[in-house]
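Reviewing the structure listed below.
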Amino acid sequence: APTEPVFDTNGNYSVHRPGYGPSDTWNPLASAIEPTVDNNTVRNNLNAYLEFNILKGLSLKVTGGANINNANNQIYHNLKTYEGKQNTGLGISSENTFVRYQNSNILTYDKTINKHHFTVTAVGEQQFSKVKFSSIRASKFTVDATGASDLGGAEIRTLSSDEDERVLNSYLGRLNYVYDNKYLVTASYRADGSSVFGQNNKWGYFPSASVAWRVSQETFISNLNLFSDLKLRASWGITGNQAISPYQTLSRISSGGNYPYNGTEGTDLGFFILNAPNASLKWESTEQTDFGIDFGLFNGRLNVTADYYIKKTTDLLMARTLPGYTGFSDIIDNVGSIENKGLEFSVSGDPLVGRLRWNTGFNISTNKNKVLDLGGIERLGFRTTKGGYSVNTPFMYLVKGEPFGQIYGYGYEGVWGTDKTTEAAAYGQLPGDRKFTDVNNDGDINTQDLKVIGNAFPDFIFGWTNRLSYNDFDLTFLIQGSKGNDLFNMGRIRLENPGEGSSSRLLDRWTPDNQDTDVPGFIDAKTREGANLTSTIKIGGDQRLSRWVEDASYIRLKNISLGYNLPRSVLNRLRVTNVRIFISATNIITITDYTGYDPETSAYNANDAQIGVDFSNYPQSKIINAGLNISF
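Just so we're aligned, residue 9 is where the sequence shown starts under our numbering, counting upward by one.
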């Protein structure tokens, strides 16, 4: 609960809490509204193409595009803010520039001979992108009023800049063949060259092939008058992944600190190596085999699609931990392989037709995976630090032979009671202390007791779309969800910390009179010292606990929209083409047992190895819109 008003009796921001020591503290409102912010972004997008019909059936399409974006940002924290007071004024000016050029050349030959139809395609594509960043951070201002407009007036100025480029050249050849609209064959071969890989591994080669049989065109099926469509499919192919930052194959250097010269502490600028280089980096590749079926019933009013796939990803591009003596924490490397097997199923249809129409579609998918190899090591761990929270020891591991996405930690069994005083003392604990699972029953809690306490990936995900219309009214909505995925709720570590937490759960903490709880008690140092415990727990304050892992399964009304279109007779009188009135909402209903802000969130959406962690990330907004669209 708040302990101090936002403003003091003089109308200034409150920064001192009587009874909490002599030091000032942070006023969050001041830091939210006082900074002067000036952000300007210019986006330039240009796309053009030329198409040439060279011969009958032979055409060439040349496409060019350019994206040039520039963002200039300035912010100044005056002396009323925490940041400004700590730095005697803090001003930051930064510029970000992104440039991307792309050229694509597509040569297509299309030919039909009787029941045979051929399409041959050749593609050449080049992409170039460049990112530049520069920033000036200034502090200790003589005059607070000039702000970020006069960074030169600051006593301390720090300059930083960065720049990276990447180039991708791609070539593709593809053949499509259809016989009698029944039998379909596609074969392709792709070559991609990326600048992010080592000198001898820049190129990756990716073949693919697929076949399909439209069984519904066969007489023995069409005579049944049962299927409006029936197609069997099979495909195989290899795709590549180059999703790493540029220059991982090189030793990058950066300036920093002063370099002692001739045995004295001088002011000569020093340089250091930023990363461990890996000149052997190459493409990550995924080989996938897929079997599928499509069929329609009742003249197309019901349609079903099902696919079963097997994917094997090799040469995984991941960070591999290095020994401390190397001077680096990790190195980007091709570390192993993972297998995925899954089923995807969807059904759509029109249950109602006429004045009242209903179109609906449902899809569900499930995936099982296994780590096949980790480049000669048995397991690979990931640490995490973000948003003021940290787990300095690995809490997620890739383990050979085990599923991907598993969360590791210590089993939390609640709190020791007074009836277990002797047993607790054997583990160096007192009644009211946390009770952990002794996995190997050796009478000690240490790293040998780490176990799987969750998995970030769901058993299945699903979505259900609907559109209903009656005369000029229409209603659409989407319901989606997942089942079986876990989240490591980092926010609870802070909120339920006995020393600084504000969660109401702390009111249910253990006491001698309240022992039926899983919230640890407050045990002061004097009590612990007087217990004369002969052993100590080895994991200390390690927070890798099953206590913080929660089931993040959910069902959510993702969006819903109700609209009304004026009838044609009214539009004619108004002399307009269309008038539509609507109201829509997003993320308005969520059913879940997850206690965090949002079960659909993750701190590392771009990193599958760490998706199962939530640092109290900003939740998705609930949005309600109402509008009127008029077309002339």
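Cβ atoms here follow ideal geometry from the backbone N, Cα and C, with glycine treated the same way.
Keep in mind it's a predicted model, so treat the numbers as computed, not measured.
Could you tell me the distance, in whole angstroms, from the CA atom of residue i to the CA atom of residue j?
i: leucine 406; j: phenylalanine 470; result: 26 Å
i: valine 193; j: arginine 222; result: 12 Å
i: glutamate 133; j: arginine 108; result: 13 Å
i: arginine 309; j: threonine 368; result: 10 Å
i: glycine 92; j: arginine 502; result: 26 Å
i: phenylalanine 466; j: glycine 620; result: It is worth fixing the name first, because residue 466 is proline in this sequence and not phenylalanine. Each residue's alpha carbon lies about 10 Å from the other.
i: glycine 395; j: tryptophan 556; result: Model confidence at glycine 395 stands at a pLDDT of 45, short of 50, so the residue's coordinates are unreliable and nothing is read from them.
i: isoleucine 41; j: asparagine 371; result: 45 Å
i: threonine 429; j: threonine 535; result: 14 Å
i: tyrosine 21; j: asparagine 86; result: 13 Å
i: aspartate 526; j: arginine 513; result: 10 Å
i: asparagine 311; j: leucine 234; result: 12 Å
i: glycine 436; j: glutamate 558; result: 28 Å
i: asparagine 78; j: lysine 566; result: 34 Å
i: phenylalanine 280; j: serine 262; result: 6 Å
i: asparagine 348; j: asparagine 493; result: 17 Å
i: asparagine 80; j: serine 101; result: 8 Å
i: tyrosine 562; j: tyrosine 602; result: 8 Å
i: threonine 393; j: glutamate 537; result: For threonine 393, the predicted model reports a pLDDT of 49, less than 50, meaning its position is unreliable; a value from the coordinates is still stated below. Each residue's alpha carbon lies about 33 Å from the other.
i: valine 2; j: threonine 600; result: Lying outside 9 to 640, the shown extent of the chain, residue 2 is not represented and no answer is given.
i: phenylalanine 485; j: arginine 475; result: 7 Å
i: leucine 159; j: serine 169; result: 17 Å
i: aspartate 521; j: phenylalanine 530; result: 13 Å
i: glutamine 523; j: glycine 451; result: 23 Å
i: proline 402; j: threonine 334; result: 19 Å
i: methionine 404; j: proline 411; result: 12 Å
i: valine 641; j: serine 629; result: The question about residue 641 has no answer here: the residues shown for the chain are numbered 9 through 640.
i: aspartate 315; j: histidine 125; result: 26 Å
i: serine 288; j: alanine 327; result: 14 Å
i: asparagine 375; j: threonine 297; result: 14 Å
i: valine 131; j: glutamine 110; result: 13 Å
i: tyrosine 605; j: glycine 212; result: 42 Å
i: aspartate 237; j: valine 186; result: 17 Å
i: arginine 165; j: glycine 278; result: 18 Å
i: serine 569; j: valine 587; result: 16 Å
i: glutamate 504; j: alanine 539; result: 25 Å
Determine which residues share a DSSP beta bridge with residue i and list them.
i: isoleucine 3; result: Lying outside 9 to 640, the shown extent of the chain, residue 3 is not represented and no answer is given.
i: tryptophan 244; result: Ala217 and Thr297
i: phenylalanine 279; result: Ser263
Does the separation of the CB atoms of residue i and residue j fall below 8 Å?
i: lysine 290; j: aspartate 341; result: no
i: isoleucine 631; j: threonine 594; result: yes
i: tryptophan 424; j: alanine 432; result: yes
i: valine 379; j: isoleucine 339; result: no
i: arginine 198; j: leucine 180; result: yes
i: aspartate 46; j: glutamine 94; result: no
i: asparagine 113; j: valine 50; result: no
i: valine 139; j: phenylalanine 106; result: yes
i: tyrosine 478; j: arginine 552; result: no
i: glycine 409; j: alanine 464; result: no
i: leucine 240; j: isoleucine 301; result: yes
i: glutamate 103; j: serine 142; result: yes
i: serine 554; j: tyrosine 416; result: no
i: asparagine 35; j: tyrosine 84; result: no
i: phenylalanine 468; j: serine 373; result: yes
i: asparagine 633; j: serine 592; result: yes
Based on Cα-Cα distance, which residue from the options lies nearest to residue i?
i: isoleucine 252; options: Gly549, Ser203, Met404 and Leu553; result: Ser203
i: glycine 383; options: Val343, Asp358 and Val361; result: Val343
i: isoleucine 229; options: Leu58, Ala156 and Phe303; result: Phe303
i: phenylalanine 623; options: Ser639, Phe496 and Ser592; result: Phe496
i: serine 243; options: Tyr572, Gly357, Ala217 and Val50; result: Ala217
i: aspartate 118; options: Arg182, Tyr626 and Glu163; result: Arg182
i: leucine 115; options: Lys140, Lys123 and Ser67; result: Ser67
i: glycine 422; options: Pro331, Trp518, Arg475 and Arg387; result: Trp518
i: alanine 153; options: Tyr418, Asn522 and Leu98; result: Leu98
i: phenylalanine 8; options: Gly160, His124 and Pro254; result: What the structure shows of the chain is the stretch from 9 to 640, and residue 8 is not part of that stretch, so it cannot be assessed.
i: proline 439; options: Thr89, Asp427 and Asn35; result: Asp427
i: aspartate 550; options: Ile453, Asn231 and Tyr605; result: Ile453
i: glycine 248; options: Lys320, Tyr191, Pro528 and Pro331; result: Lys320
i: arginine 365; options: Phe481, Leu282 and Ser178; result: Phe481
i: proline 43; options: Lys64, Thr17, Lys123 and Ala156; result: Ala156
Is the beta carbon of residue i within less than 7 Å of some heavy atom of the ligand NAP?
i: leucine 54; result: This structure lacks the ligand NAP, and indeed carries no ligand of any kind.
ask   = Between the stretch 532-551 and the stretch 469-489, do at least 3 Cβ pairs fall closer than 8 Å?
value = Per the Cβ contact rule, the stretch 532-551 is not in contact with the stretch 469-489 (fewer than 3 Cβ pairs under 8 Å).
message = Assess contact between the stretch 139-154 and the stretch 206-215, defined as three or more Cβ pairs (one per stretch) separated by less than 8 Å. Is contact present?
response = no
inquiry  = Quick check: the stretch 448-459 against the stretch 350-365, are at least 3 beta-carbon pairs closer than 8 Å?
reply    = By the Cβ rule, the stretch 350-365 does not count as touching the stretch 448-459, because fewer than three pairs are nearer than 8 Å.
task = Examine the Cβ distances between the stretch 445-455 and the stretch 569-589 and report whether three or more of them are shorter than 8 Å.
result = no
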